[in-house]
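Chemist: Using this note's numbering, read the sequence shown as starting at 400 and increasing by one per residue. Glycine is no exception: its CB is placed at the ideal position from the N, C-alpha and C atoms.
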Amino acid sequence: MSGLLSSLTNAYQEMLERHRNLPFLKAVMASSAIMAIADGEVTFNERVRIDQILETLDKLAVFDPHEGVDLFNDYIEGIKENSAAGHERCWEDIHAAVEDIETAALMLRICLAICASDGEVNLPEQIAVVTLCSRLGVEPKDCGLYTDLTAEEFLAQSIKQP
Numbered sequence: 400m401s402g403l404l405s406s407l408t409n410a411y412q413e414m415l416e417r418h419r420n421l422p423f424l425k426a427v428m429a430s431s432a433i434m435a436i437a438d439g440e441v442t443f444n445e446r447v448r449i450d451q452i453l454e455t456l457d458k459l460a461v462f463d464p465h466e467g468v469d470l471f472n473d474y475i476e477g478i479k480e481n482s483a484a485g486h487e488r489c490w491e492d493i494h495a496a497v498e499d500i501e502t503a504a505l506m507l508r509i510c511l512a513i514c515a516s517d518g519e520v521n522l523p524e525q526i527a528v529v530t531l532c533s534r535l536g537v538e539p540k541d542c543g544l545y546t547d548l549t550a551e552e553f554l555a556q557s558i559k560q561p
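Next comes the structure, spelled out in structure tokens:
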């Protein structure tokens, strides 16, 4: 009898944990989608990084990784079908989950990991990260994206590099 009660308690606790962390899962997948599609394509390396994040983060361990991947794919498709509406849906889900600076910082670290997964953080990805910083109230320099160059100098330097 105590085994049954223990089993029911564990199942209930897992269900509560899933319910409590669902907004965070949605926010992570929404922000990941914004970062991954920023340069116009979602690479294999970005998808691998998303799998790694889903398997690594404790807050997401209660979810089947396929749930996260399905959410990610839904966000990507939404952005591809209607960029403005797709991005707005992502921003709504991000704002619903980010309640404090620690969550915002974790979200930004995840996004930077997605951007860096294909070896470089290109200009569209940097713009997406800076936009996310702005929307979350975090300084871009705190993410390593601060530069002393003017926008024109930065763009000129980026264009010169192969």
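(1) Could you check the C-alpha separation between E476 and P422 for me, to the nearest Å?
(2) Straight-line CA distance for Q525 to G402?
(3) What are the complete alpha helix (DSSP H) segments, minimum 4 residues, inside the segment 465-503?
(4) So V447 is in the alpha helix (DSSP H); what residue range does that whole segment cover?
(5) Note down, in chain order, each residue of its chain lying with its Cβ closer than 6 Å to the Cβ of R488, except the 5 sequence neighbours on either side.
(6) Applying the 10 Å Cβ sphere with the 16-neighbour rule, what's the burial state of D469?
(7) Here's the rule I'm using: 16 or more other beta-carbon atoms within 10 Å means buried, otherwise exposed. How should F471 be labelled?
(8) Checking 8 Å against the spacing of the C-beta atoms, do A495 and A432 come in under that value?
(9) Evaluate contact between the segment 515-529 and the segment 438-446, counting only Cβ atoms and requiring at least three cross-stretch pairs below 8 Å.
(10) What is the residue span of the alpha helix (DSSP H) that S533 lies within?
(11) Whole angstroms are fine: how far does the CA of A429 sit from the CA of W490?
(12) Going by alpha carbons, who is nearest to E466 out of K479, D450, E480?
(13) Helix, strand or coil for S516? Go by DSSP, reduced to three states.
Modeler: Result, derived from the coordinates:
(1) Counting only the Cα atoms, P422 lies some 19 Å from E476.
(2) When rounded, the distance between both Cα atoms is 52 Å.
(3) Assignment of alpha helix (DSSP H) within the segment 465-503, counting only whole runs of 4 or more residues, yields 482-496 in chain order.
(4) Its alpha helix (DSSP H) spans residues 443-455.
(5) Spatial neighbours of R488 in its own chain (CB-CB distance under 6 Å, excluding positions within 5 residues in sequence) are listed in chain order as G477.
(6) Answer is exposed; the Cβ neighbour count stays below 16.
(7) By the neighbour-count rule (16 or more Cβ atoms within 10 Å), F471 is buried.
(8) No, they are not a contact pair.
(9) In short, these stretches touch, since the Cβ pair count reaches three.
(10) Unbroken alpha helix (DSSP H) run through S533: 522-535.
(11) Cα atoms of W490 and A429: separation of roughly 7 Å, rounded to the nearest angstrom.
(12) Comparing alpha-carbon positions, the option among K479, D450, E480 lying closest to E466 turns out to be D450.
(13) Shown here, S516 sits in coil according to DSSP, grouped into three states, outside any helix or strand.
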